[in-house]
Structure formats: structure tokens, C-alpha cells
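Visitor: Chains A and B supply the protein sequences, listed in that same order.
Under my numbering, the letters of the first sequence match residues 48 to 484, in that order.
Under my numbering, the letters of the second sequence match residues 1145 to 1624, in that order.
By construction, the Cβ of each residue, glycine as well, lies at the ideal position given by its N, Cα and C atoms.
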Amino acid sequence: MASYIPMNEDERREMMDTIGISSLDEMYVNIPADMRVKKLNLPEGRSELETRRLMEKISAKNKRFSTIFRGAGAYWHYIPAIVGAVVNKEEFVTAYTPYQAEISQGVLQAIIVFQTMIANLTGMDVTNASVYDGASAAAEATNMCRDRKRNKALVSGAANPMVIDTIKTYCFGNDSEVELIPLKDGQTDINALAEMLDETVSCVYLQQPNYYGIIEDAEALAQAAHAAGAKLIMGVNPIAAALLKSAGECGADIAVGEGQPLGMPLSFGGPYLGFMATTNALMRKLPGRIVGETVDVDGKRAFVLTLQAREQHIRREKASSNICSNQNLCALTASVYLAAIGTEGLQRVAQNCYAHAHYLADKLAELGFVRIHKTPFFHEFVTRPPLAADKVMDLLAKHDILGGLPLANGDILWCATEMTTKEEIDEMIRILEEVAK
Amino acid sequence: MELLFERSHSGRSLENIPATTVSEYQLPEQFARRTPLDLPSLAEVDISRHYTELSHHVHGVNCGFYPLGSCTMKYNPKIGEEIAALPNFTQIHPLQPAQTTKGCLEVLGLAQQYLCEITGMDAMSFQPAAGAHGEFTGLLLIKAYHHSRGDGAKRTKVIVPDSAHGTNPASATMNGYTTVNVPSNAEGGVDLDALRAAVGPDTAALMLTNPNTLGIFDKNILEITKIVHDAGGLVYYDGANLNAVMGLVRPGDMGFDVIHLNIHKTFGTPHGGGGPGSGPCGCKAFLAPFLPKDQIKENAEGYCLTQPAQSIGRVRSFYGNFLVVVKALTYILMLGAKGIPEAAQGSVLNANYMKTKLSEVYDVPYDGFCMHEFVLSLEKLKHETGVSALDVAKALMDNGIHPPTMYFPLIVHEALMIEPTETESKETLDRAIQVFMDIYHAATADAESLHQAPRHTTVRRLDETRAARNPVLKYTPDKD
Chain A
48 MASYIPMNED ERREMMDTIG ISSLDEMYVN IPADMRVKKL NLPEGRSELE
98 TRRLMEKISA KNKRFSTIFR GAGAYWHYIP AIVGAVVNKE EFVTAYTPYQ
148 AEISQGVLQA IIVFQTMIAN LTGMDVTNAS VYDGASAAAE ATNMCRDRKR
198 NKALVSGAAN PMVIDTIKTY CFGNDSEVEL IPLKDGQTDI NALAEMLDET
248 VSCVYLQQPN YYGIIEDAEA LAQAAHAAGA KLIMGVNPIA AALLKSAGEC
298 GADIAVGEGQ PLGMPLSFGG PYLGFMATTN ALMRKLPGRI VGETVDVDGK
348 RAFVLTLQAR EQHIRREKAS SNICSNQNLC ALTASVYLAA IGTEGLQRVA
398 QNCYAHAHYL ADKLAELGFV RIHKTPFFHE FVTRPPLAAD KVMDLLAKHD
448 ILGGLPLANG DILWCATEMT TKEEIDEMIR ILEEVAK
Chain B
1145 MELLFERSHS GRSLENIPAT TVSEYQLPEQ FARRTPLDLP SLAEVDISRH
1195 YTELSHHVHG VNCGFYPLGS CTMKYNPKIG EEIAALPNFT QIHPLQPAQT
1245 TKGCLEVLGL AQQYLCEITG MDAMSFQPAA GAHGEFTGLL LIKAYHHSRG
1295 DGAKRTKVIV PDSAHGTNPA SATMNGYTTV NVPSNAEGGV DLDALRAAVG
1345 PDTAALMLTN PNTLGIFDKN ILEITKIVHD AGGLVYYDGA NLNAVMGLVR
1395 PGDMGFDVIH LNIHKTFGTP HGGGGPGSGP CGCKAFLAPF LPKDQIKENA
1445 EGYCLTQPAQ SIGRVRSFYG NFLVVVKALT YILMLGAKGI PEAAQGSVLN
1495 ANYMKTKLSE VYDVPYDGFC MHEFVLSLEK LKHETGVSAL DVAKALMDNG
1545 IHPPTMYFPL IVHEALMIEP TETESKETLD RAIQVFMDIY HAATADAESL
1595 HQAPRHTTVR RLDETRAARN PVLKYTPDKD
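(1) How big is the Cα-Cα spacing for K110 of chain A and A1228 of chain B?
(2) Please identify the residue among A:D343, A:L89, A:E296 and A:S113 whose C-alpha is closest to the C-alpha of H124 of chain A.
(3) Using a beta-carbon distance below 8 Å, is M164 of chain A in contact with chain B?
(4) I'd like the span of the alpha helix (DSSP H) that includes A1591 of chain B, first residue to last.
(5) Should S372 of chain A and G1204 of chain B be called a contact, given that it needs their Cβ atoms to be closer than 8 Å?
(6) For G181 of chain A and chain B, any beta-carbon pair shorter than 8 Å?
(7) Work out the CA separation of I1562 of chain B and P53 of chain A for me, nearest whole Å.
(8) Residues of chain B with a CB under 8 Å from the CB of N77 of chain A: which are they?
(9) Strictly below 8 Å CB to CB, what residues from chain B border D222 of chain A?
(10) Could you name each continuous beta strand (DSSP E) segment of 3 residues or more that falls completely within the region 152-206 of chain A, going from the start of the chain to the end?
(11) Within 10 Å of its beta-carbon, does V1343 of chain B have 16 or more other beta-carbons around it, so buried, or fewer, so exposed?
(12) Is it a yes or a no for the region 1260-1279 of chain B touching the region 1427-1446 of chain B, going by three-plus beta-carbon pairs under 8 Å?
(13) For the ligand MG, I want to know if G170 of chain A counts as a neighbour, meaning its beta carbon is within less than 7 Å of at least one of the ligand's heavy atoms.
(14) Going by other Cβ atoms of all chains shown within 10 Å of its Cβ, with 16 needed for buried, is G1446 of chain B buried or exposed?
(15) Using the beta-carbon of each residue, which ones in chain B are nearer than 7 Å to H403 of chain A?
(16) Rounding to the nearest angstrom, what Cα-Cα distance links R362 of chain A and G1310 of chain B in this structure?
(17) List the DSSP bridge partners of S1328 of chain B.
(18) Only counting runs of 4 or more residues, tell me where the alpha helix (DSSP H) segments fall wholly within the region 221-265 of chain A, in order along the chain.
(19) Quick check on the DSSP output: the beta strand (DSSP E) that includes G339 of chain A runs from which residue to which?
(20) Using a C-beta cutoff of 8 Å, does G451 of chain A count as contacting chain B?
(21) Any beta carbon from chain B within less than 8 Å of N198 of chain A's own beta carbon?
(22) Can you give me the C-alpha to C-alpha distance between E1504 of chain B and H1516 of chain B, rounded to a whole angstrom?
(23) Note down, in chain order, every chain A residue with its Cβ under 8 Å from the Cβ of M1398 of chain B.
(24) Name, please, each residue of chain B whose Cβ falls closer than 8 Å to the Cβ of K292 of chain A.
(25) How is C1514 of chain B classed by DSSP in three states: helix, strand or coil?
(26) On the three-state DSSP scale, how would you describe C297 of chain A?
(27) Strictly under 8 Å for the Cβ-Cβ distance: is F1434 of chain B near chain A by that measure?
(28) Which residue from B:E1197, B:P1231 and B:L1502 puts its Cα closest to that of S106 of chain A?
(29) Could you name each continuous beta strand (DSSP E) segment of 3 residues or more that falls completely within the region 1493-1577 of chain B, going from the start of the chain to the end?
(30) Please name the residue, chosen from A:K199, A:E465, A:I301 and A:I478, that lies closest to A184 of chain A on a Cα-to-Cα basis.
(31) Give me the Cα-Cα distance between A1611 of chain B and S367 of chain A, rounded to the nearest whole angstrom.
(32) Output, in sequence order along the chain, the residues in the region 1397-1425 of chain B whose CB is closer than 9 Å to any CB in chain A.
(33) Classify T216 of chain A: buried if its beta carbon has 16 or more other beta carbons within 10 angstroms, exposed otherwise.
(34) Please report how far the alpha carbon of F1518 of chain B lies from the alpha carbon of Q359 of chain A, in whole angstroms.
(35) By the 10 Å Cβ neighbour count, where 16 or more other Cβ atoms means buried, how is D1624 of chain B classified, buried or exposed?
(36) CA-CA distance, G310 of chain A and E149 of chain A?
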């Protein structure tokens, strides 16, 4: 039987007799007859084998690069084998949100471990159980900071353009304002920020490292925001967070980020993972699920979804957000990744990223790809190429390499990770030498 | 059960990343974090066994019956998981040149084509990551539309029935709208007079689930959408309950202008313990210019991403939970033109069968055929025996059944909302019916035993007040 329906004809007949109907249509009595669909204009159903062949054929129309020097919000990292083995367990894959704690302790435990890890990584007090992605996390964070008097978010012009777009769209929704903070040498301009801050500003959003890979002076920006009574939201790359001053150390009120680098494949942009962490003071403004510890009637330690008075299913129009489903399996992925990689492993990944990007920048500079900023960077950086960016990309593509991201002005945003080792970099440089010299 | 952190032993690690060979590059000290990272130290076998144990304390669809109303916990075909894991999908960077992502674009293009056919919409954005995100997006389209007509400032209200999901009013608030609740009539549908009284020049939209959360298809649907349209408002379809009617009747033909779908409910993709879902937002052609950026479109050369002229912008990065869309497309291809309505009819058959059987002892507050789900009211049982909907739910767990949705919709007291889905066999339904009957009889014979349920679960009833009053939201090592 198609449709994954296990019923045979006899059973179906028996059930219809019980209900007292002779045709299934009788149950649809409320649907006006002339509104009924005659026949769907869809292909006929297929067997699993045929479906597999068709989908494999479609997937084969993509080109998979063997080396990737492109980031800009989606990062190529190694995923330890244990991650997939754990995350693909059917119980984790097929369960719903753990509303019924007594039969969901496995999921709830996994989430509180995730919350603990993100709190540690960001240096913040509390975290939620995830939101959709880094961009929606940033937008939700600006919403946490709003009140009647302060209704304007100042967003660094060096934030990822998709994050900026998302914040603007959410703010169109809730009728608040957004202004972009200008840049100076690729960094958020603190003097310009100081002039923009006033009593209508609710928050300042900054990305660390920023879209151009540059390490921001987050502490100074936080101080400036706080001096004007605004909150500071930091969008952090979770790999860079292993080495850089944590959001908490910088004085951020909210840390958010894109968790994709923590064990999620590139996957054409999703599913990814939004994380949000904040101070105890702002805890009850966090959107989404949060898991807490308690005890059961026998006094046994147990975990449960908590602080639900913030949420839509209780508070309806007064909820802190409308979020219901989040990215739970991706949060599990991130926590298994962090467990597998460990403290030293994560630092090592981050060191690899930093070292490879700087080695790449030096090698590219020798070929005339000059960095356009002088400010310090982490694992991404921008160069002006000595020839047209699309020519560079075409040449690299012939060698199965995805080069950096061409920006609108012809510059190239490069990225290196632990996957692009000295060997891969040297190989790409050899290819570029053909045209750049 | 120990937490992962409590299994940590210093010195253990997996050695999965080599040290860099260009170690002369080091992050300057001035940027370095001061507080140490504190991730657990584990061997691979520790991780494997820990999570295997945790998985034994999770009730998944693979473990047993999961009649969680409004959540459509149908069986998730495994072929979808394998297709979504193909390296030619998982290893594609979202910012690759378009000519290298033709397969991904075709997935989005076909999914749009098929889902528009199923829903009667003209275009669909896959950017929303979940149902509530789709609602948010749909209301943004409505807001942008009213603004484009110079009507934005005065259309400030969104109407929702009192049986609506909590996400509806919450989504309205996120769009700066005031929520107006309209009551249900005696049949469980929208009260038309109340709706007529509620609409006006300040109406931005009506949000409606049809079939609604009582499991009832509103027979006045054409009248309802007309009342709102006549007042200049638009009508939003919450697709949470599409499973009952997919392939049989289309929201677009009912008069809806905007919809979201819950891919992870209706189209067979798993829920992941709370996501990733996918909540594509579909609309009629007149709203398509407002769709989020990177809208999939078919042209002479194939599929491409386009930027709608009056786009609301973005609701997240990139193109949504792409791999979930891959799974849904796989599901639609498997079922095809006949299988889609067959699944809908199967879900309605199963629900009516359970409802008929259970109504022998339990109160079903609304008469007539239900769609894919139905609601029991345990108000009388509670009054007579003291056994509540919560007690019954907890007792079901001891029998290997995931409880139905409890205390929802809000208009039914002591509600249990049951959605069996089409993928359950008759013997599963019969066994569940028997368990419900046994619990009912236990309630009259020995109510106390039900107050004590569950007994055989990992933990028993929790002190939720303590969790909320004294929040412990992360693991902190003992200080000894």
C-alpha cells in the first residue's frame, strides 16, 4: 500500500463499518462539493528505488568542490565521525519537542548540556535551547532590548549582510528602527557610533569577527553602548570564540551566533543553528525553549522545559516571541561535536583557522592580491585581486577549488579553516601563479 | 543518569584534528580569552555509550504510538534521511555560483511547483525554518501589501478564532498587530456574526486553521474568507492541519491569500525532538512581489534565485532548512498524485475510528465527523472521579503511548487532542483504544492510582514550579 499506510482492505472495511460509513468521502461532508480537487497535477507515485534514482540524478547536477576557500556565513569544517552516528539515532530524529518530560529525559539532558557548553563558550550566564539560525538569533536579540522609549537598533555595517537584512525585516515587523554604523578600515567606527547613540537607541549589534574577518574592539564598543544606556549584542563565531575574548568578557548583554561550524555540513544553507546567550538580568526575555533542572516526586534529578511563561503556547499575544519548533537536532549536533572535539581540540581548530588564513593572506599578497584592510583578522580577509574576480574563480573551479567570495566591488572575501591546510593553500597558489604573475 | 559532563575524565580526548603546520602564526595575546573553555574530556566510546543511553530515554515515532494532536507525528520514511545525506546536497556551499548548484535549485523549484499545486498558491518561499516562522513571514507579506496601498497605518488588527494555536497571536504581535479574538460557534467553527462584527477598515487579516484545532472543517469557509475580503483584509491559512485535506481541497480554493506549511508535520519529515522543521510560506500571485529575497523561479535555462521587487527582505540566512525540503520532496515523489489524498483520507479514517470507539465512554464535545484529529473533554470525568486530563496523559506513558496534546484548544475544558495519523495500523489503534478504556475504568475504580502515574518512566512527575522559580539552566560542577 502506498502512502506508508499499513491498513489492508479488510481492515479498512471493518473500520468504516465501525464508523458507519460506506465510503471515505462521507467523512468530508463539510467540504463543499464544487471545491473538491478532481485530480492533483502531480506525477504518479514512485517506488523507493525509482525515487532514489531520480533524487540522485537531481543531486548530481550540483558541483561539489574538493577544496573550499569561501565562508561569508557558512564554514567548511571537519565533522568527527561520532557526530553523525549519534545524531542519526532514530529516537533523536523522530521525537517531537519534549513537552512530556517523563519520556523525554534523553532529549532534555542533551539540551541542558548544549546550554552549558554555549554558556561557557560565550562567557554568558544563560542560554536558550536554540533558534533557527544566526541571523534570526540576532534579530530576536534586538527584539529583547526594545522598550517604549528605546526603539532603535544600531547595527554594525560590518555585520553579515544577510544578518543585517534579517534584523531590518524583523524590525519592519515590530515597527522599530534600524541604522547602520559606518566603518573605518573595515572595523565598526567607534567615533561614528558615539555620535549615533542617544536615548532612543535600544541596542548595538556587532559581529565578532566581522563579515570581513576583522577582529572588532568589542570591549570599547560595549562601553560606548552602555554609557548611552544601550545594550550590546555580539554575534560570535563559535570556533573563533575558542580563542577570542568571550562575549561575556567583552561586556556583551546578549551573545548570539550561527552554530553551523559546530558539526553541521554546508547543506546549501540549512538546517543550521542559532544560539542565544544572555545575562541573568535578561533571562526572562529570552525567546524559545529553555531546559532547567528540577526533581521528580521521588526526589530524583530530572530536566524539564522551563520558564514557559515567556512562550507563545502560554502567553499567546504577550509572548516574548512566536517561536515554537527550534533547531533541536542541530543543537544536539553541536553538543556532540563539542564533546568529540574537546577543549584542546576546539582551540586547535581555531588555531588552524587563524594560522591558515594568515599564511594564505601572505601567499596571496606575494601574487598581488593585496589585503585592503590593515586591521587584525581571524580566518577571513578581503583582498583586491590583480585581475577580475570571476577569472580567478573560473580558473580555480577548473581545479575543483571554490575560491573566496567575490564582493560587489570586485574584491574577494577569502576564508581558511583547518580543512584548508598548507598543502591545499600551496596548491591553490601554484594555480594562481599561472595568471597572477 | 549521569550528565555528559559527569563522565568527563581529564586526559581523555579523540585526537580528531592535527596541529597546524604553519604554527608561526599565533593570535596576539591582546585578543585572547581569559576564562578557560571547559568542555568535557571524553573518549569516543564514552560519547557513543552516553548518547545511546540517552536515546533509550526518548519516545520517538519509531518507539511507539504518538497521537500528539496538531503535531501530525506520522512515521518518517527512511529514504528521506538517506537522500538528504547525499554528499552532493550536504557539501554544497550556499554561496557557490548558480551554475554549480543546479540540483539544489531544482529541489526548491520542484518543491515549489508541487506544494503550490497541493495548496492552490502561486509562489512559495522556503526561507522560513518552522511553522511559526512561516506565520511571521506570511503576516509580513500582508503588512507590506497594506503598506504598499497606503493602508498600512490604519489596518492594525489581526483576527484569530479562540481555538487558534498560540503562535497565531504571537506572530501578530511580532508584526505590530493587535489581536482580536473571535469566539467559536456551537459547531466548533467560526461564529459568523462575531466575525462580521469584528472586521472593519482596521482589519489587516484573519488567521485561520482549517480544519481547525477541534479537528473540524469549517463548512462556512467561503463565507468566512468573503467577509474578511469584503472588509479589505486578507486571509491567512495556518497549514498545521493540512494533513487531513491535502490533495482533496486546497486553501487557495477556499479563498486564502497566504499560507504556511509545516513540512515536518504534513510531508513526512521528522521533527528532530523540536526541529529542524521547515515552514514554507506560500501566497497568491498578487503577494509574490513581497516574498523574501532569493525566491526560486523557473526560467528558460532552468531554476534560478530572484529578488522580488518589493521584498520584505529576509527572515533568516540563505534559503531555509534546505535538507528538510529535500526530504519533503522525496516524500511527495514517493506518494504522487494518488498517494497524497490517500494519506489524507487515511488520517481521517484513523481519527474517526478512534473517535467512534472512544466516544463509547469519553465525552466528545463536538458532534459529526472529525478530520485528522478530535478532542476529548475529561471535564465530567474529573468532576466525578478527580482524574484529570493530565492524569490520563501520564497513565498513557506507562503503556508506551505518547500522550495526546493536553489542555488545548483552550475552549475545551480538560482537553485531550488526539491525532493518530495515517501511518498507524489498526492493531496499534485497537491497542490504544483498549488502554484508554482501561484508564477510564481505573479512574472510576481507583483514582489514586492514576494520580500516581507514571510509574515506569525514566523519571516520574516533575516539580515544574521549582524549575521555574529557581532556574538551574546549566550544569555546574560540585564544589567539593
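Guide: In terms of the structure at hand:
(1) Distance between the alpha carbons of K110 of chain A and A1228 of chain B: 16 Å.
(2) With distances taken between Cα atoms, H124 of chain A lies closest to A:S113.
(3) Yes - at least one Cβ of chain B is within 8 Å of the one on M164 of chain A.
(4) Unbroken alpha helix (DSSP H) run through A1591 of chain B: A1591 to H1595.
(5) Taking the C-beta atoms as reference points, G1204 of chain B is found no nearer than 8 Å to S372 of chain A.
(6) It does: the Cβ of G181 of chain A has a partner Cβ on chain B nearer than 8 Å.
(7) Approximately 19 Å, taken between the alpha carbons.
(8) Going along chain B in sequence order, the residues near N77 of chain A (Cβ under 8 Å) are I1360, F1361, D1362, K1363, G1512 and F1513.
(9) What D222 of chain A touches in chain B: G1320.
(10) Runs found: 199-203.
(11) It is buried - the Cβ of V1343 of chain B has at least 16 other Cβ atoms within 10 Å.
(12) Per the Cβ contact rule, the region 1260-1279 of chain B is in contact with the region 1427-1446 of chain B (3 or more Cβ pairs under 8 Å).
(13) Here there are no bound small molecules, and the ligand MG is not part of this structure.
(14) Within a 10 Å sphere around the beta-carbon of G1446 of chain B sit fewer than 16 other beta-carbons, which makes this residue exposed.
(15) Those are T1164 and V1166, listed as they occur along chain B.
(16) Those two C-alpha atoms are separated by around 8 Å.
(17) Looking at the DSSP assignment, S1328 of chain B forms a beta bridge with B:V1334.
(18) Within the region 221-265 of chain A, the complete alpha helix (DSSP H) runs of at least 4 residues are 237-243.
(19) From DSSP, the beta strand (DSSP E) with G339 of chain A extends over V338 to V342.
(20) Residue-level contact check: G451 of chain A does not touch chain B, since none of the beta carbons of chain B fall below 8 Å from its beta carbon.
(21) No, N198 of chain A does not count as interfacial toward chain B.
(22) One C-alpha to the other measures close to 19 Å.
(23) Those are M82, listed as they occur along chain A.
(24) Result: F1175, A1176, R1177 and R1178.
(25) Here C1514 of chain B sits in coil by DSSP.
(26) Helix.
(27) Chain A places no beta carbon closer than 8 Å to that of F1434 of chain B, leaving this residue out of the contacts.
(28) It is B:P1231 whose Cα lies nearest to the Cα of S106 of chain A.
(29) Along the region 1493-1577 of chain B, the beta strand (DSSP E) occurs as fully enclosed runs of 3 or more residues at 1518-1521 and 1559-1562, listed in sequence order.
(30) Per the C-alpha coordinates, the member of A:K199, A:E465, A:I301 and A:I478 positioned closest to A184 of chain A is A:I301.
(31) Straight-line measurement puts the Cα of S367 of chain A at about 19 Å from the Cα of A1611 of chain B.
(32) Residues are counted here when their Cβ sits less than 9 Å from a Cβ of chain A; for the region 1397-1425 of chain B these are D1397, M1398, N1406, H1408, G1412, P1414, H1415, G1416, G1417, G1418, G1419, P1420, G1421, S1422 and G1423, given in chain order.
(33) Flag for T216 of chain A reads buried.
(34) Cα-Cα distance, rounded: 22 Å.
(35) Low local confidence applies: a pLDDT of 48 at D1624 of chain B is under 50, so the model's placement there is unreliable, with the coordinate-based value given in what follows. The residue is exposed, with fewer than 16 neighbouring Cβ atoms inside 10 Å.
(36) Straight-line Cα distance between these residues: approximately 29 Å.
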